[in-house]
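With the first letter of the sequence shown counted as 1, position 114 gets the number 114 in our numbering; the numbers rise by one all the way through.
All C-beta atoms, glycine included, are put in the ideal place defined by N, C-alpha and C.
Taking it in order: structure first as structure tokens, then the write-up.
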Amino acid sequence: MLAVHFDKPGGPENLYLKEVEKPSPGEGEVLLKVVASALNRADLLQRQGQYDPPPGASSILGLEASGYVVELGPGCQGQWKIGDPAMALLPGGGQAQYVTIPEGLLMPIPAGLTLPQAAAIPEVWLTAFQLLHLLGNVQAGDTVLIHAGSSGVGTAAIQLTRIAGATPLVTAGSQHKLQMAEKLGAAAGFNYKEEDFSEATLKFTKGAGVNIILDCIGGSYWEKNVTCLALDGRWVLYGLMGGANISGPLFSKLFFKRGSLITSRLRCRDKKYKQMLVKAFTEQILPHFSTEGPQRLLPVLDRVFPVTEIQEAHAHMETNKNVGKIVLELPQ
Ligand SMILES: NC(=O)c1ccc[n+]([C@@H]2O[C@H](COP(=O)([O-])OP(=O)(O)OC[C@H]3O[C@@H](n4cnc5c(N)ncnc54)[C@H](OP(=O)(O)O)[C@@H]3O)[C@@H](O)[C@H]2O)c1
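Okay, here's the thing in structure tokens:
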């Protein structure tokens, strides 16, 4: 089968399609023929040699895929049958023509969505769901500040915040991205390149601050984050795009807010945790992708690239051009 490959860490120019051995499903696994996968920041980091896949995971890039079940491994419980369309959360291996996956990590495709749209769901929607509900304990009436509001995770988090009955605020680096976030439901957006988002957030919340911050930036935002966190607020750190080092009185500022700093990494979680997350998301959130009601959820697709243009797709994400997800179509 063909798979996205690189021989040495470096830039997007190192990526190419390589003929590799097709995997075969082990105990409790199914084989998915991949129609589409999607790109994540983790792929960029892995390509640069800064993010190894967890032990036992495929070294092929790709944290999510959609396609058709084509083979069942021994011991499968009958949840899936040959020919079923499905989408999957993966620790790696999605950017290939076939991938194996534990049957409990597959999800049905919501009615009305195409397979490329479905490929944009697993990684960022499960991440946003987990950050908001399992870690941030979002409550109706809360205000949630979502950084990188037009990222894959951000576009999912805005919509999930709305259906939780909470108010999403976002930051982003351009007017266009802020407008897209507002169309998805953000109550207000702040351009972090032009204004101090913590002042704007305090103004919006009449001095109270936000109950939850979903933070994939880290270092460069720490002081502004803690300044606009409400009393008893939850600051959920899940990325370090703004660096890992800080200098200043983080502990005292957090302490006087009685704030919680919570960190999260989904890819390296064990199978049991991921299965619990997939089950909760499938039951509680997936039906909202199919309904025609006012709160219908939508995966936001920026562009669909044929996987032969994998270098262009990486460069597009690396230069922060995307709003929502970059999807890759595999040859059939
Ligand atoms: N921990 C986990 O389990 C987990 C899971 C999934 C994703 N993540 C993390 O979530 C983040 C978003 O991932 P994604 O795939 O959704 O990203 P994405 O769609 O590529 O969007 C990322 C956006 O972040 C903004 N950005 C980049 N560098 C920045 C900086 N230094 N300061 C402020 N904004 C910056 C850019 O938008 P602007 O133009 O607005 O600056 C960029 O377009 C990444 O950090 C990723 O590693 C973590």
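For residue i and residue j, what's the separation of their Cα atoms in angstroms?
i      : j      : result
Leu316 : Lys325 : The sequence shown places His at residue 316, rather than the Leu named in the question. When rounded, the distance between both Cα atoms is 11 angstroms.
Ser44  : Leu90  : Here the sequence assigns Leu to residue 44, which means Ser is not the residue at that position. So the two alpha carbons sit approximately 16 angstroms from each other.
Leu134 : Arg234 : 12 angstroms
Asp142 : Thr167 : 6 angstroms
Leu298 : Leu131 : 18 angstroms
Asp84  : Val153 : 27 angstroms
His176 : Leu160 : 21 angstroms
Gln117 : Glu199 : 37 angstroms
Phe66  : Ala157 : Residue 66 is actually Ser in this sequence, not Phe. Computed Cα separation, rounded: 21 angstroms.
Thr319 : Gly11  : 12 angstroms
Met1   : Glu195 : 49 angstroms
Val307 : Gly49  : 21 angstroms
Ala164 : Asn137 : 10 angstroms
Glu283 : Ala230 : 31 angstroms
Asn322 : Leu301 : 9 angstroms
Thr263 : Trp80  : 34 angstroms
Met107 : Glu29  : 13 angstroms
Ser37  : Ile82  : 20 angstroms
Thr127 : Ser290 : 20 angstroms
Ser59  : Gly207 : 47 angstroms
Leu15  : Phe255 : 46 angstroms
His314 : Ile109 : 26 angstroms
Gln295 : Gly112 : 15 angstroms
Met87  : Lys253 : 42 angstroms
Using a Cβ-Cβ cut-off of 8 angstroms (strictly less than) and excluding sequence neighbours within five positions of residue i, which residues of its own chain qualify?
i      : result
Gly242 : Ile217, Gly218, Gly219, Ser220 and Tyr221
Thr201 : Leu145, Leu169, Phe190, Gly209, Val210 and Cys228
Asn40  : Leu63, Glu64, Glu123, Val124 and Gly152
Tyr98  : Met1, Lys22, Pro23, Leu31, Leu32, Lys33, Val34 and Val70
Give every residue of the same chain whose Cβ lies closer than 6 angstroms to the Cβ of residue i, excluding the five residues on either side of it in the sequence, and list them in chain order.
i      : result
Pro25  : Leu31, Glu71, Gly73 and Thr100
Thr205 : Thr143
Gly239 : Cys216
Asn245 : Gly219
Gln275 : Gly104
Kindly identify the DSSP beta-bridge partner or partners of residue i.
i      : result
Tyr192 : Per DSSP, none; premise fails for Tyr192.
Ile212 : Val144 and Arg234
Ala187 : Ala187 is not bridged to any residue.
Lys325 : Leu301
Pro102 : Glu29
Ala88  : Ala65 and Leu106
Ala96  : Ala3
Pro306 : Glu329
Leu17  : Val4
What residues in its chain sit with their C-beta under 7 angstroms from that of residue i, if we drop five residues either side in the sequence?
i      : result
Glu223 : Gly248
Glu312 : Phe305
Arg354 : What is shown of the chain runs 1 to 332, which leaves residue 354 out entirely.
Cys76  : Gly28, Val30 and Glu103
Glu19  : Leu2
Phe129 : Leu160, Phe281 and Ile285
- Tell me the start and end of each unbroken alpha helix (DSSP H) in the region 19-81 that is at least 4 residues and wholly inside, in chain order. Those alpha helix (DSSP H) runs which fall completely within the region 19-81 and span 4+ residues are 41-47.
- Please specify which runs of the alpha helix (DSSP H), each continuous and at least 4 residues long, are wholly inside the region 150-183, giving them in chain order. With a minimum length of 4 residues, the continuous alpha helix (DSSP H) runs that stay inside the region 150-183 are 152-163.
- Query: Which whole runs of the beta strand (DSSP E) in the region 217-267 are 3 residues long or more, in chain order?
  - Reply: Listed in chain order, the beta strand (DSSP E) elements of length 3 or more contained wholly in the region 217-267 are 229-237 and 260-263.
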